[in-house]
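Peer 1: Reminder that position 38 of the sequence shown reads as 44 in the numbering used here, one-by-one numbering, no gaps.
Glycine is no exception: its CB is placed at the ideal position from the N, C-alpha and C atoms.
Just dropping this structure here.
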Amino acid sequence: MEKGWDKSFQIKEYFEQQMECSVYDVLPDIEKTTLLTPKPWKPPVK
């Protein structure tokens, strides 16, 4: 079974081959939203 990241990179590579450029070239600032992960939500302490 493939992991989520493996499949995501396969899809990214497919589109890059079709476009003949990097997805980062056509999606400005995408690395700011895809590489930053917020901390997991925790319920408030009472």
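Can you round the beta-carbon distance between Glu22 and Ser28 to whole angstroms, since I take them to be within the 8 Å contact cut?
Peer 2: About 6 Å separates the two Cβ atoms, so the contact holds.
Peer 1: Measure the alpha-carbon distance for Glu37 versus Asp31 and round it to whole angstroms.
Peer 2: 11 Å
Peer 1: Pull up the distance between the alpha-carbon of Gln24 and that of Val51, whole angstroms please.
Peer 2: 50 Å
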